[in-house]
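Going letter by letter, the sequence shown gives residues 2 to 224 in the numbering used here. All C-beta atoms in this analysis are idealised placements derived from N, C-alpha and C, irrespective of residue type, glycine included. Worksheet: the structure to be examined is printed underneath.
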Amino acid sequence: MRFIEAGPDSPVIRELTRRVSGDVCTLQWQWPSGADSVYIGRRALDADLSGAGGTPSAPERSFSPDPSGLKLYTREEYKAAAGYRDRLDGIGRFAYTVYAVVPGAGEPVLVRQPDGSNTIETPAGRAKIRCAVREKKALFRPYKSVRIEISCEVPLGEDVLCYVKKSGAYPTGPQDGTVYPFGTPFPAGRTGLPEIEVGKNDFVRVFFTDGKKYGLLYELLPE
Numbered sequence: 002m003r004f005i006e007a008g009p010d011s012p013v014i015r016e017l018t019r020r021v022s023g024d025v026c027t028l029q030w031q032w033p034s035g036a037d038s039v040y041i042g043r044r045a046l047d048a049d050l051s052g053a054g055g056t057p058s059a060p061e062r063s064f065s066p067d068p069s070g071l072k073l074y075t076r077e078e079y080k081a082a083a084g085y086r087d088r089l090d091g092i093g094r095f096a097y098t099v100y101a102v103v104p105g106a107g108e109p110v111l112v113r114q115p116d117g118s119n120t121i122e123t124p125a126g127r128a129k130i131r132c133a134v135r136e137k138k139a140l141f142r143p144y145k146s147v148r149i150e151i152s153c154e155v156p157l158g159e160d161v162l163c164y165v166k167k168s169g170a171y172p173t174g175p176q177d178g179t180v181y182p183f184g185t186p187f188p189a190g191r192t193g194l195p196e197i198e199v200g201k202n203d204f205v206r207v208f209f210t211d212g213k214k215y216g217l218l219y220e221l222l223p224e
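Written as structure tokens, this is what we have:
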């Protein structure tokens, strides 16, 4: 098996789409003329969720797949299943790459498409993070104590979560109050943080530092 870069006359995969139903991802694409098989690879884009909360892998143009991890899939199988179906397992995101095979080349010759049009991403499961914010008020004091507990299924990087303090009402997001990063990673399991003191009219909630980024990987649930 070997790879070649796509040229003007190379068979290439077009209109690659994906559909997710439950834990099953279905890929569909336009087959190149004359091709009766493809090779399909899958890789995790968030393989290390214990580091910085999941860092995307390199794009397809710099990614060298392991040939042993590629699956041969024929046009007949595609017709029978109305696409290519794969069960999503794990946490984070996956990228699928469909490689066209050069017809009549003897050994399998797979076409790399540097523009990435034969690669598509899909989210899989999200790890659950449960947070509890407990208040303790004292009579005749202008402050109250707040204790935060974090429970997570996987280790979290130090930049995933923050807490936000707001006077007069609960904050609705990181931009709705004063942001305090935790500045420490969280191991899997339950972690109780030291108590903090806030004003009697202050309210605290826990949020993702970047909801768009980390919301794909984790589900934040208040207790």
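> Assuming Val-161 contacts Phe-209 under a Cβ cut-off of 8 Å, what Cβ separation, rounded to an integer in Å, is found between them?
Replying inline: 7 Å
>> Using only the alpha-carbon positions, how far apart do Tyr-97 and Arg-43 sit?
In response: 5 Å
> Nearest-angstrom Cα distance between Ile-14 and Leu-46?
Replying inline: 21 Å
> Where do the ends of the beta strand (DSSP E) carrying Gly-193 lie?
Replying inline: 190-193
>> For Glu-77 and Leu-28, I'd like the C-alpha separation in whole angstroms.
In response: Distance from the CA atom of Glu-77 to the CA atom of Leu-28, rounded to whole angstroms, is 15 Å.
> Based on the DSSP secondary-structure assignment, which residues constitute the bridge partners of Lys-138?
Replying inline: Lys-145
>> For Gly-178, which residues in the same chain have their Cβ closer than 7 Å to its Cβ, ignoring the five residues on either side in sequence?
In response: Val-165, Lys-166, Lys-167, Pro-172
> Between the segment 77-94 and the segment 5-25, are three or more C-beta pairs nearer than 8 Å?
Replying inline: yes
>> If contacts are defined as beta-carbon pairs under 8 Å, then Leu-222 and Ile-130 qualify, I think. What distance do you get, rounded to the angstrom?
In response: 7 Å
>> Measuring only the C-alpha atoms, how far is Glu-199 from Ala-139?
In response: Correcting the residue type first, residue 199 is Val in the shown sequence and not Glu. Those two C-alpha atoms are separated by around 12 Å.
> Under the rule that 16 or more other beta-carbon atoms within 10 Å means buried, what is Phe-183, buried or exposed?
Replying inline: buried
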